[in-house]
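At position 33 of the sequence shown (counting the first as 1) the number is 16 in the working numbering, and the numbers step up by one without a gap.
Glycine included, every Cβ here is placed at the ideal spot set by N, Cα and C.
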Amino acid sequence: MKIAFVARTKGLEYDDRIRKECLSLSKRNDIFIYVNFEDNRLEEGVTSYGIPFKSFKLVTRDKLPSSKFLLIKSFEFYLRVSPFLYKYDLIWAHEEYTFMFPLFSKRGKCIWDLHEIPFRFERKGLKRVFNFIENKSKKIIHANKFRIEYLQNAGVIKNYPKHDFIRNYPDKQFVESTNKDVNFDEFKRWLNGSDYAYLQGLSIPKRYPFNTVDAILKTKNIKAIVVGNFESKALSRLQEKYGDKLKENIFFAGLVDQLSIPKYLKNAKLSIILYDKKTPNNRYCEPNRLYQSIIMKVPVVVGNNEPMKEIVEFGDYGIVLKTEGEDVKRIINAIESILIKHSYYSENTAGAGNKFLWEDTCIKSHWYE
């Protein structure tokens, strides 16, 4: 079978869900990716994991304001990609942004893979559009059962059997990777044998970037590495508050390819993952960095969001805060508790074994065959 992946993403080397799905499907199918990158660059090539791709530079994204006129931008993306799709047996469209592909495709010829809750379709008029897509799609895939239940309770989902979910487990390639990026040696010199926490995804306020780093800096005998971009206002506040102490105790690694993450993660004493609960997407999030930490035997501190709480309490893999992350003292107490009982929590994460490991069977063959 020939399958066309359609996506908009920051980068194919950073999007672990797309990487794993492509690798699993490519064992029995021919895969090609049509993509619009976040920086809107034009490019053709092959990913590091062997999947060919073509990216499109959209005129509307250059001409129109950021985060506005999304319908027009989505339509241009559809018009640019659709001439290439006639030769494929199935379209696998990623994210809400690509909704025109399942909307205009032939019945049963498109899978819509929703990494996030499609909140725009909660509006009264757009629920009908969602239901039209729902009936035409071969399958609509979500990140977890909580998001399906939310959309059903909100009256968005009408055809429940059309929906299923894929949890974003790390795969064997991730776990066994020994890739080292350009900053790793500098990080090891900076660390100089100290204990450290692994922090990732602190690019937006809803993930409590200030509180997370503030808690680390108020805890004795531990440093931290931050992987990915860091929210600018939080960084300014931390620089003003801590001065040189910030760069002495926090290493900002920037963006790191997925397969270079294990080098940074595997020796961490703990990882902290927080989300506020102001929106359903935040509330029902279970990011892959949670699973990555557990499978790499790193205990975690998480907020009281339902999916993360369920996972961590399932095996006592760390500490679930009584709050989302707004109370810095509670974060500090959780860090200190894990450091004191580190061997206990490490044994628990080691006991997780392959419970949270991606297998090819995570993608059910009856979804697309």
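Asked, Found
"How far does the beta strand (DSSP E) with Asn19 in it extend, from its first residue to its last?", "13 to 20"
"In its own chain, which residues sit with a C-beta less than 7 Å from the C-beta of His146, not counting the 5 before and 5 after it?", "Ile123, His125, Ile131, Ile140"
"Three-state secondary structure (DSSP) at Lys119?", "helix"
"Sorted by chain position, which residues of the same chain lie with C-beta nearer than 6 Å to Lys201's C-beta, five sequence neighbours on each side aside?", "Ile315"
"Out of curiosity, what's the CA-to-CA distance linking Arg(-9) and Tyr80?", "7 Å"
"Closest by CA to Glu27, which one among Tyr267, Leu(-5), Thr332?", "Leu(-5)"
"Tell me the rounded alpha-carbon separation between Arg90 and Arg111.", "16 Å"
"Buried or exposed for Asn175, please, with buried defined as at least 16 other CB atoms from any protein chain shown within 10 angstroms of its CB.", "exposed"
"In angstroms with no decimal places, state the Cα-to-Cα distance between Phe84 and Asn287.", "36 Å"
"Would you kindly check if the distance between the Cβ of Val210 and the Cβ of Ala251 is under 8 Å?", "no"
"Using C-beta distances below 6 Å, list every residue in its chain close to His77, excluding the 5 sequence neighbours before and after it, in chain order.", "Ala(-10), Asp96"
"Pull up the distance between the alpha-carbon of Leu242 and that of Val158, whole angstroms please.", "9 Å"
"Beta-carbon within less than 7 Å of Ile277's beta-carbon, same chain only, minus the 5 sequence neighbours each way: which residues are those?", "Val283, Tyr300, Thr332, Ala335, Phe339"
"For Gly308 versus Tyr225, is the C-beta spacing smaller than 8 Å?", "no"
"Do Ile149 and Trp75 have their C-beta atoms closer together than 8 Å?", "no"
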